[in-house]
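Quick note: the sequence shown, position 145, residue 301 per our numbering, numbers continuous. All C-beta atoms in this analysis are idealised placements derived from N, C-alpha and C, irrespective of residue type, glycine included.
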Amino acid sequence: METRDALRARRNVRSFTDRPIPEADLIEILEAGRRAPSANNRQHWDFVLSTDRRQLEQLATLWQGAGHVASSAATITLVLPEADDERQGALDQFDLGQALMAMAVAAADLGIGSGHAAIADQERCRELLGLPPDRYGAYFLALGYPADHPMRPIASPKRRPFDEVVHRGRW
């Protein structure tokens, strides 16, 4: 798929088939996150890849909106260090958003769906993933082949009209 098509095909997928994702594809998706832009090239992120069904089911309980993690073929937990100050925390979140989007687009390019979710229960997250005490799970990126229809460019996305969103020079 071309980059433009992968961007247009990317959507939040919350229902997956039971088809496993090849290891080479998982590595390609993770590599896209690793290569994402980072403020001052800090790269404060870490990624924990989970493919064990029991662990995925447990991770799905860490936030009310993470149920789709249980049926994913794999889920990446995006991990950050506790920030020293508000500015550093904001930069880390911005960087992590770029890494997540890079992985979601890379997945779409491979025909793999993705759905992100937040994490509420940090204590349990640290326990399940063995995270150090100074780290926390910021987001999940669940991955799998969509159960409804394959990844393909969306002709009419549910988005605000271009002219309503884009302002040139001034609001």
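Problem - Span separating the alpha-carbon of aspartate 304 from that of glutamate 242 - result: Looking up residue 304 in the sequence shown gives position 148. Looking up residue 242 in the sequence shown gives position 86. Going by the C-alpha atoms only, they are around 41 Å apart.
Practice task
Could you tell me the distance, in whole angstroms, from the CA atom of leucine 234 to the CA atom of glycine 271?
Solution key: In the sequence shown, counting from the first residue as 1, residue 234 sits at position 78. In the sequence shown, counting from the first residue as 1, residue 271 sits at position 115. Going by C-alpha positions, leucine 234 is about 13 Å away from glycine 271.
Handout entry: Straight-line gap, histidine 323 to arginine 315 (C-alpha atoms, nearest Å)
Key = Translated into the one-based positions of the sequence shown, residue 323 becomes position 167. Translated into the one-based positions of the sequence shown, residue 315 becomes position 159. Going from the Cα of histidine 323 to the Cα of arginine 315 covers about 16 Å.
Exercise for the section: Return the chain-ordered ranges of every alpha helix (DSSP H) run that is complete within the segment 163-194 and spans a minimum of 4 residues. Expected result: Counting only runs of 4 or more, we get 179-190.
Handout entry: Buried/exposed call for phenylalanine 250, threshold 16 Cβ in 10 Å
Key = The count along the sequence shown starts at 1 and reaches residue 250 at position 94. With fewer than 16 Cβ atoms within 10 Å of its Cβ, phenylalanine 250 is classed as exposed.
Exercise for the section: Would you list the residues sitting across from aspartate 202 in a DSSP beta bridge? Expected result: On the sequence shown, residue 202 is found 46 positions in, with the first residue counted as 1. DSSP, once it has assigned bridges, lists Val235 as partnering aspartate 202.
Handout entry: Alpha-carbon to alpha-carbon, methionine 259 and glycine 300
Key = The count along the sequence shown starts at 1 and reaches residue 300 at position 144. The count along the sequence shown starts at 1 and reaches residue 259 at position 103. If I take the Cα positions, the gap works out to 13 Å.
Problem - Chain-order list of residues whose beta-carbon lies under 8 Å from that of proline 193 (same chain, five-residue window excluded) - result: Taking the first residue of the sequence shown as position 1, residue 193 is located at position 37. Closer than 8 Å at the Cβ level, and outside the excluded window around proline 193, lie Asp251, Gln254.
Problem - Nonlocal neighbours in the same chain, by C-beta distance under 8 Å from cysteine 281, ignoring five residues either side - result: Taking the first residue of the sequence shown as position 1, residue 281 is located at position 125. By the criterion of a C-beta distance shorter than 8 Å, cysteine 281 is surrounded in its chain by Leu215, Leu218, Thr233, Ile275, Leu287, Tyr292, Gly293, once the five residues flanking it on both sides are discounted.
Handout entry: Segments assigned alpha helix (DSSP H), at least 4 residues, entirely inside the segment 266-306
Key = Here the runs fully enclosed are 278-285.
Practice task
Kindly indicate which residue of Gly325, Pro313, His200 has the alpha-carbon position closest to the one of aspartate 240.
Solution key: In the sequence shown, counting from the first residue as 1, residue 240 sits at position 84. The candidate whose alpha carbon is nearest that of aspartate 240 is His200.
Practice task
Look up alanine 255 in the DSSP assignment and say whether it is helix, strand or coil.
Solution key: Position 99 of the sequence shown holds residue 255. Per DSSP, reduced to three states, the secondary structure at alanine 255 is helical.
Practice task
Tell me whether the beta-carbon of serine 228 lies closer than 9 Å to the beta-carbon of leucine 285.
Solution key: Reading the sequence shown from its first residue, position 72 is the one you call residue 228. Reading the sequence shown from its first residue, position 129 is the one you call residue 285. In this structure, serine 228 keeps its C-beta atom at 9 Å or more from the C-beta atom of leucine 285.
Handout entry: Start and end residues, alpha helix (DSSP H) containing valine 321
Key = On the sequence shown, position 165 is the one that residue 321 refers to. From DSSP, the alpha helix (DSSP H) with valine 321 extends over 318-321.
Practice task
With 9 Å as the threshold, decide whether the Cβ of isoleucine 185 is near any Cβ in chain C.
Solution key: Reference to chain C is not applicable here, since this structure consists of a single protein chain.
Exercise for the section: List the residues that DSSP assigns as beta-bridge partners of alanine 230. Expected result: As a position in the sequence shown, residue 230 is number 74, starting the count at 1. Checking the DSSP bridge columns, you'll see alanine 230 partnered with Leu299.
Practice task
Give the DSSP-derived three-state secondary structure of arginine 315 in the structure shown.
Solution key: In the sequence shown, residue 315 corresponds to position 159, counting from 1. In this structure, arginine 315 counts as coil in the three-state DSSP scheme.
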